[in-house]
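Visitor: Heads up: take any position in the sequence shown, counting from 1, add 1, and you land on my numbering.
Sending over a structure as structure tokens; questions will come in a sec.
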Amino acid sequence: MTEWTAKVWGRTRELVDSPFFSRHELEVRAGSYCSLHYHRFRANRFVVVSGHIEIVEFFSARFVRTLLGPENTYDVPSLVPHMFVVHKDGVLFEEYYSDR
């Protein structure tokens, strides 16, 4: 397990790292967000333990917003531009796995 790394939205630490799967623990702060980005070869799974986040996915000229709370899980496929917005402080796990 790695040490905590500070981010603009809170902090993260890597729990599992392999060529096929990785898992990170995130502590997130209300009012913050991550930058818009995508993953070229891996999908992104969000598992919310506490708090509330919103996943925003961008599809050309439209976007889809998905609100997540405790015990919710959501997958973003590779190549889909996305970001998260934190509505309530919390803890979540972010997992990456190959979907190509």
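From the three backbone atoms N, C-alpha and C, an ideal C-beta is built for every residue, glycine too.
Quick check: what's the CA-CA separation for F51 versus G70?
Guide: Per the sequence shown, the amino acid found at residue 51 is Ser instead of Phe. Those two C-alpha atoms are separated by around 7 Å.
Visitor: Could you check which residue in V77, E28 and V87 has the C-alpha nearest to that of Y39?
Guide: For the options V77, E28 and V87, the alpha carbon positioned closest to that of Y39 is the one of V77.
Visitor: Is F11 buried or exposed, if buried means 16 or more other CB atoms sit within 10 Å of its CB?
Guide: Looking at the sequence shown, residue 11 is not Phe but Gly. It counts as buried.
Visitor: Got a sec? Which residues, its chain only, sit under 6 Å from I54 by beta carbon, not counting five neighbours each side?
Guide: L69, F85 and V87
Visitor: Our contact map puts A62 next to D100 with C-beta atoms below 8 Å; I'd like the distance itself, whole angstroms only.
Guide: Not really, about 24 Å apart at Cβ, beyond 8 Å.
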